[in-house]
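Student:
Protein chains: 2
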Amino acid sequence: MHERKMPATLRFMLAARRSELLGLEDLAQTCELVTRISQLVHALQKERGYSNLYLSGNAPHQRLQLDNLSQTAQMLERQVREDLERIEPDNLGSADKTRLFTRIAYALHSLDELPALRRKIREHRTSMQDATATLVRLIGGLLAVVFEAADTAVDPAITRSLVALFNFMQGKELAGQERALGVAGFASGYFTAEMLERLEHLLESQERSFETCSRFASPAALSLWHDLCASDSNAQACRLRDIARRTRAEARVDPQLGELWFELHTARIDAMKSVETCLEQDLLQRCQQSMQRIRSDLHSHRRLLDGLSDMHAAAEQAKLFSVHSSDLDSSPQEGMSATLARSTLDLLQSQTQRLQGMHDELRDARQALEERKQVERAKQLLIKQQGYSESAAYAWLRQSAMNQGLRLEEVANRLLALDIEPARPWQKH
Amino acid sequence: MHERKMPATLRFMLAARRSELLGLEDLAQTCELVTRISQLVHALQKERGYSNLYLSGNAPHQRLQLDNLSQTAQMLERQVREDLERIEPDNLGSADKTRLFTRIAYALHSLDELPALRRKIREHRTSMQDATATLVRLIGGLLAVVFEAADTAVDPAITRSLVALFNFMQGKELAGQERALGVAGFASGYFTAEMLERLEHLLESQERSFETCSRFASPAALSLWHDLCASDSNAQACRLRDIARRTRAEARVDPQLGELWFELHTARIDAMKSVETCLEQDLLQRCQQSMQRIRSDLHSHRRLLDGLSDMHAAAEQAKLFSVHSSDLDSSPQEGMSATLARSTLDLLQSQTQRLQGMHDELRDARQALEERKQVERAKQLLIKQQGYSESAAYAWLRQSAMNQGLRLEEVANRLLALDIEPARPWQKH
Numbered sequence: 001m002h003e004r005k006m007p008a009t010l011r012f013m014l015a016a017r018r019s020e021l022l023g024l025e026d027l028a029q030t031c032e033l034v035t036r037i038s039q040l041v042h043a044l045q046k047e048r049g050y051s052n053l054y055l056s057g058n059a060p061h062q063r064l065q066l067d068n069l070s071q072t073a074q075m076l077e078r079q080v081r082e083d084l085e086r087i088e089p090d091n092l093g094s095a096d097k098t099r100l101f102t103r104i105a106y107a108l109h110s111l112d113e114l115p116a117l118r119r120k121i122r123e124h125r126t127s128m129q130d131a132t133a134t135l136v137r138l139i140g141g142l143l144a145v146v147f148e149a150a151d152t153a154v155d156p157a158i159t160r161s162l163v164a165l166f167n168f169m170q171g172k173e174l175a176g177q178e179r180a181l182g183v184a185g186f187a188s189g190y191f192t193a194e195m196l197e198r199l200e201h202l203l204e205s206q207e208r209s210f211e212t213c214s215r216f217a218s219p220a221a222l223s224l225w226h227d228l229c230a231s232d233s234n235a236q237a238c239r240l241r242d243i244a245r246r247t248r249a250e251a252r253v254d255p256q257l258g259e260l261w262f263e264l265h266t267a268r269i270d271a272m273k274s275v276e277t278c279l280e281q282d283l284l285q286r287c288q289q290s291m292q293r294i295r296s297d298l299h300s301h302r303r304l305l306d307g308l309s310d311m312h313a314a315a316e317q318a319k320l321f322s323v324h325s326s327d328l329d330s331s332p333q334e335g336m337s338a339t340l341a342r343s344t345l346d347l348l349q350s351q352t353q354r355l356q357g358m359h360d361e362l363r364d365a366r367q368a369l370e371e372r373k374q375v376e377r378a379k380q381l382l383i384k385q386q387g388y389s390e391s392a393a394y395a396w397l398r399q400s401a402m403n404q405g406l407r408l409e410e411v412a413n414r415l416l417a418l419d420i421e422p423a424r425p426w427q428k429h
Numbered sequence: 430m431h432e433r434k435m436p437a438t439l440r441f442m443l444a445a446r447r448s449e450l451l452g453l454e455d456l457a458q459t460c461e462l463v464t465r466i467s468q469l470v471h472a473l474q475k476e477r478g479y480s481n482l483y484l485s486g487n488a489p490h491q492r493l494q495l496d497n498l499s500q501t502a503q504m505l506e507r508q509v510r511e512d513l514e515r516i517e518p519d520n521l522g523s524a525d526k527t528r529l530f531t532r533i534a535y536a537l538h539s540l541d542e543l544p545a546l547r548r549k550i551r552e553h554r555t556s557m558q559d560a561t562a563t564l565v566r567l568i569g570g571l572l573a574v575v576f577e578a579a580d581t582a583v584d585p586a587i588t589r590s591l592v593a594l595f596n597f598m599q600g601k602e603l604a605g606q607e608r609a610l611g612v613a614g615f616a617s618g619y620f621t622a623e624m625l626e627r628l629e630h631l632l633e634s635q636e637r638s639f640e641t642c643s644r645f646a647s648p649a650a651l652s653l654w655h656d657l658c659a660s661d662s663n664a665q666a667c668r669l670r671d672i673a674r675r676t677r678a679e680a681r682v683d684p685q686l687g688e689l690w691f692e693l694h695t696a697r698i699d700a701m702k703s704v705e706t707c708l709e710q711d712l713l714q715r716c717q718q719s720m721q722r723i724r725s726d727l728h729s730h731r732r733l734l735d736g737l738s739d740m741h742a743a744a745e746q747a748k749l750f751s752v753h754s755s756d757l758d759s760s761p762q763e764g765m766s767a768t769l770a771r772s773t774l775d776l777l778q779s780q781t782q783r784l785q786g787m788h789d790e791l792r793d794a795r796q797a798l799e800e801r802k803q804v805e806r807a808k809q810l811l812i813k814q815q816g817y818s819e820s821a822a823y824a825w826l827r828q829s830a831m832n833q834g835l836r837l838e839e840v841a842n843r844l845l846a847l848d849i850e851p852a853r854p855w856q857k858h
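Quick mapping for you: the protein sequence lines, in order, are chains H and V.
Per our numbering, the first sequence starts with residue 1, numbered consecutively.
Per our numbering, the second sequence starts with residue 430, numbered consecutively.
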């Protein structure tokens with residue numbers, strides 16, 4: 001039966017399903033972009049690590065390796081840009097893209113800085129700190145795209161996968177920053193108090209990210225993650241952390257430890273990459289599954305509605321021949337039409353229930369993102385209003401949470417809700 | 430400058446703005462539908478009132494008036510259906526329509542029952558209770574469309590207007606149900622305990638709806654509402670409520686009071702209609718304002734980006750002629766390009782901040798909807814699992830909230846989170 005002739009009720013039911021499929025196709029495209037971004041981020045993290053080694057001046061022979069890494073990152077960047085060309089901003093698809101596109105624009109803008117940065121690194125015209133800061137910001141911009149993809153996804157299973165992947169990427173990025181911090185610390189023979197505070201902040205934030213990831217990751221990814229945590233190289237990396245913690249200006253260590261630190265943390269991050277790959281595969285698989293399900297739903301729905309529609313038409317036809325129908329005991333709404341109405345209603349109710357279930361599941365996963373965002377914003381507020389460092393801001397939030405017996409997210413929410421100068425539960429050092 | 434030649438960053442910034450405008454155009458169309466639905470709901474409420482009078486057998490002379498009201502409702506229904514034709518489910522626009530379309534399908538399905546119901550009423554083949562129940566469900570389906578429109582709106586100002594309108598419509602619908610209940614009560618000479626319980630439930634729910642509406646309504650609408658509350662006819666309606674509360678099987682009143690009740694409550698509901706009209710106008714005005722703002726933003730944004738784009742092209746051009754640029758002290762990223770990068774970044778940051786602000790505002794308004802939905806779902810759970818009536822379920826929630834010193838929404842949330850058989854803080858009567 002031709003769709004335009006369907007009763008309006010059935011047409012809207014079908015359109016609802018079609019809207020769902022369109023949204024999902026759109027989301028699947030975004031998810032592919034996300035996995036490419038994840039690969040680019042990994043390459044940039046590697047490049048950042050070797051850039052620091054190169055800049056620290058302890059390994060000038062690594063210029064060739066650095067060039068290779070830059071080339072890999074450039075190739076992956078091209079792939080991301082090609083994906084973006086396909087996303088084609090003119091063709092807006094079915095979802096509101098305002099936030100996602102703004103994040104993408106920001107990420108692209110940061111990527112444009114890369115060629116100049118690479119030149120400066122090779123010409124030793126930038127410090128390790130500045131190069132790291134630029135790349136941290138750039139990777140942060142790419143992570144924000146993944147965050148936004150997760151926050152605007154409409155399918156609960158896919159959203160959960162995206163939340164797991166985002167949090168893992170975030171944790172791995174913090175691990176990368178920890179590696180850079182360690183290289184800098186060991187290179188100068190000891191860690192300043194500020195560096196140690198930052199180290200603790202990076203460790204705790206990693207823990208929170210991986211903990212959130214674990215709540216949403218697949219069993220396969222979780223099992224890989226547990227293997228990593230129980231590995232020897234992870235244990236050795238922990239021991240080196242303890243050494244770092246005991247250094248002082250008066251208690252320096254051999255700067256050569258920096259190379260060992262770098263190697264161990266590189267092994268740790270490379271092992272993380274295999275978890276990340278598993279999470280990426282989970283994500284793409286979920287996309288496939290959801291699309292298949294919705295396509296086959298749409299197909300059977302369409303058949304069902306066509307059937308109902310034909311019966312509707314037949315019932316209308318029947319009315320033409322029973323001119324006295326209104327005199328009869330049963331009105332057209334009763335009898336056959338009533339059966340039709342009942343079937344339509346059943347379909348509608350199961351659709352409504354399914355949507356409500358999806359809405360509830362979505363809420364749980366988005367909650368995890370919202371909480372992360374609130375903690376970030378609370379940190380930014382403290383940095384801006386109190387002049388705290390990022391680590392000090394985080395430490396303030398953690399301390400307030402402990403003092404008040406609240407979760408970190410609750411303290412962040414209260415702080416943001418007040419939006420006033422916070423009392424200082426402890427002195428900044 | 431042609432858009433395809435713009436740097437990708439600027440293209441995505443522009444696309445973000447365009448996505449915003451598309452979303453808004455789409456929303457404006459939904460808002461027009463909402464105002465039509467609001468008018469249809471009003472007509473159906475009137476028709477329901479006169480249907481009850483007609484069915485109560487006390488005013489057979491009102492058949493003509495009932496027919497007039499049915500015709501008005503039919504005309505408004507046709508307009509809603511025409512609006513829906515324009516919304517054109519095949520042309521999905523820019524937002525995810527799954528939930529909205531499912532609600533629309535449900536509303537249309539209920540509207541299909543109207544002709545048969547009208548016939549039954551005229552032939553006295555239905556009871557007042559059954560006719561009322563059908564129309565309550567039908568109007569509930571239309572209100573659900575307005576709820577969904579509010580819940581999926583992307584503009585904070587428009588969302589606030591929609592939340593205000595939805596809550597007002599909900600309150601007015603409860604006032605309509607109160608009128609019907611009173612007609613039935615006075616017609617039989619007294620109110621049973623169950624009817625009185627339902628009366629209190631309707632009163633409290635009205636209060637909650639109007640209170641939520643007040644938080645989001647414009648000053649103009651609020652002032653109209655306060656006038657209504659302070660009016661003589663409202664005071665008289667209150668006094669009749671007190672009389673209703675004192676009736677018992679052994680203490681009957683003159684059934685003629687039913688006509689007075691009907692008149693007073695009709696005056697009250699008609700006065701509500703003027704508040705509702707004001708809220709509708711606010712809504713449409715907000716849509717116009719937001720669209721104008723976004724269009725002019727898009728226009729100036731586009732000019733700005735064109736300017737940046739031209740400068741970009743010029744900078745690229747300049748590079749061609751300075752083959753030694755990499756030998757110079759400043760890399761292309763510095764100097765003129767750096768200024769460009771800075772301007773782009775400023776634009777991006779202001780866009781990001783604006784979006785974050787919108788997100789926060791949206792959250793507040795949506796919170797009000799989410800809470801209403803949770804209370805509704807908790808009520809449904811109690812009705813299903815405990816066999817409570819709607820009024821008893823509401824009373825249970827209210828009592829639990831009082832006992833535990835919590836807000837109604839908090840009790841509802843806890844009940845739904847447990848999803849287990851609730852303890853009974855009081856005995857059902």
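Ideal placement from N, C-alpha and C gives every residue a C-beta, glycine not left out.
In the DSSP output, which residue or residues are listed as bridge partners for residue 392 of chain H?
Tutor: For residue 392 of chain H, which the question treats as bridged, DSSP gives no partner whatsoever.
Student: What is the DSSP secondary structure of residue 16 of chain H, reduced to helix, strand or coil?
Tutor: Helix.
Student: Whose C-beta lies closer than 6 Å to the C-beta of residue 571 of chain V among residues of the same chain, with five residues either side of it excluded?
Tutor: For residue 571 of chain V, where only same-chain residues beyond five positions count, the Cβ hits under 6 Å are 466, 470, 536.
Student: Contact between the stretch 148-164 of chain H and the stretch 186-204 of chain H is defined here as three or more beta-carbon pairs at a separation below 8 Å; is this criterion met?
Tutor: Result no; under three Cβ-Cβ pairs closer than 8 Å.
Student: Taking Cβ positions, are residue 590 of chain V and residue 712 of chain V nearer each other than 9 Å?
Tutor: Result yes, Cβ atoms of residue 590 of chain V and residue 712 of chain V sit closer than 9 Å.
Student: Could you check whether the Cβ of residue 535 of chain V sits closer than 9 Å to any Cβ belonging to chain H?
Tutor: Yes, residue 535 of chain V lies at the interface with chain H (some Cβ there is under 9 Å from its Cβ).
Student: Bridge partners for residue 677 of chain V per DSSP, in chain order?
Tutor: The partner list for residue 677 of chain V (beta bridge, DSSP) reads V:680.
Student: With the cut-off set at 9 Å, would you say residue 574 of chain V and residue 682 of chain V are in Cβ contact?
Tutor: The answer is no: Cβ separation not under 9 Å.
Student: Are residue 543 of chain V and residue 567 of chain V closer than 9 Å when you measure CB to CB?
Tutor: Cβ atoms of residue 543 of chain V and residue 567 of chain V: closer than 9 Å.
Student: Specify whether the stretch 836-844 of chain V and the stretch 640-656 of chain V touch according to this definition: at least 3 beta carbon pairs, one from each stretch, less than 8 Å apart.
Tutor: No contact exists between the stretch 836-844 of chain V and the stretch 640-656 of chain V.
Student: Going along the stretch 150-161 of chain H in order, which residues come within less than 7 Å of chain V, judged by CB to CB distance?
Tutor: For the stretch 150-161 of chain H, which is checked against every Cβ of chain V, the residues closer than 7 Å are 154.
Student: With a cut-off of 9 Å, does the C-beta of residue 442 of chain V fall near any C-beta of chain H?
Tutor: Answer yes: the Cβ-Cβ gap between residue 442 of chain V and chain H drops below 9 Å somewhere.
Student: Quick one: Cα of residue 13 of chain H to Cα of residue 513 of chain V, how far?
Tutor: Distance between the alpha carbons of residue 13 of chain H and residue 513 of chain V: 13 Å.
Student: How would you label residue 374 of chain H, buried or exposed, when you count the other beta carbons within 10 angstroms and need 16 or more for buried?
Tutor: Burial call: buried.
Student: Measuring only the C-alpha atoms, how far is residue 395 of chain H from residue 199 of chain H?
Tutor: Spanning the two alpha carbons is a distance of roughly 12 Å.
Student: Is the shortest distance between the beta-carbon of residue 735 of chain V and the beta-carbons of chain H less than 9 Å?
Tutor: No, no contact with chain H.
Student: Is there at least one Cβ from chain V nearer than 9 Å to residue 10 of chain H's Cβ?
Tutor: Residue 10 of chain H counts as touching chain V.
Student: Comparing C-alpha positions only, which one of V:451, V:687, V:619, V:605 sits nearest to residue 632 of chain V?
Tutor: Per the Cα distances, V:605.
Student: Touching or not, the stretch 728-743 of chain V and the stretch 492-503 of chain V, by the rule of three or more beta carbon pairs under 8 Å?
Tutor: The answer is no - the stretch 492-503 of chain V does not touch the stretch 728-743 of chain V, with fewer than three Cβ pairs under 8 Å.
Student: Distance cutoff 9 Å, beta carbons only. Does residue 351 of chain H sit that close to anything in chain V?
Tutor: Closer than 9 Å: yes.
Student: What residue from V:580, V:475, V:525, V:515 has the CA that sits closest to residue 502 of chain V's CA?
Tutor: Of the candidates V:580, V:475, V:525, V:515, the one whose C-alpha sits nearest the C-alpha of residue 502 of chain V is V:475.
Student: Specify the secondary structure class of residue 811 of chain V as computed by DSSP and reduced to three states.
Tutor: Helix, per DSSP.
Student: Residue 705 of chain V by DSSP, collapsed to three states: which one?
Tutor: DSSP places residue 705 of chain V in helix when its eight states are reduced to three.
Student: Measure the C-alpha to C-alpha separation of residue 7 of chain H and residue 817 of chain V and round it to an integer number of angstroms.
Tutor: Straight-line Cα distance between these residues: approximately 37 Å.
Student: Tell me the residue span of the alpha helix (DSSP H) that contains residue 219 of chain H.
Tutor: 219-229 is the span of the alpha helix (DSSP H), which, as asked, contains residue 219 of chain H.
Student: So residue 297 of chain H and residue 18 of chain H are supposed to be a Cβ contact under 8 Å. How far apart are they, rounded?
Tutor: With a Cβ gap of about 11 Å, residue 297 of chain H and residue 18 of chain H do not count as contacting.
Student: May I ask you to report which of helix, strand or coil DSSP gives residue 467 of chain V?
Tutor: Helix at residue 467 of chain V.
Student: Under 7 Å between beta-carbons, which chain H residues line up against residue 528 of chain V? List them in chain order, please.
Tutor: Ordered by position in chain H, the residues that pass the 7 Å Cβ test against residue 528 of chain V are 355.
Student: Around the Cβ of residue 768 of chain V, are there at least 16 other Cβ atoms within 10 angstroms (buried) or fewer (exposed)?
Tutor: Flag for residue 768 of chain V reads exposed.
Student: Could you give the DSSP three-state label for residue 6 of chain H: helix, strand or coil?
Tutor: It is coil, neither helix nor strand.
Student: Is there a Cβ from chain H that is less than 9 Å from the Cβ of residue 490 of chain V?
Tutor: So no, residue 490 of chain V is outside the interface.
Student: Spell out whether any CB of chain H is found under 9 Å from the CB atom of residue 512 of chain V.
Tutor: Cβ-Cβ to chain H under 9 Å: no for residue 512 of chain V.
Student: Below 8 Å, can you find three or more Cβ-Cβ pairs linking the stretch 161-172 of chain H to the stretch 261-280 of chain H?
Tutor: With the cut-off at 8 Å, the stretch 161-172 of chain H and the stretch 261-280 of chain H touch.
Student: Quick one: list the residues of chain V neighbouring residue 20 of chain H, beta-carbon separation under 8 Å, in chain order.
Tutor: Going along chain V in sequence order, the residues near residue 20 of chain H (Cβ under 8 Å) are 525, 527.
Student: Using only CA atoms, which one of V:457, V:847, V:451 lies nearest to residue 718 of chain V?
Tutor: Comparing Cα positions, the closest option is V:457.
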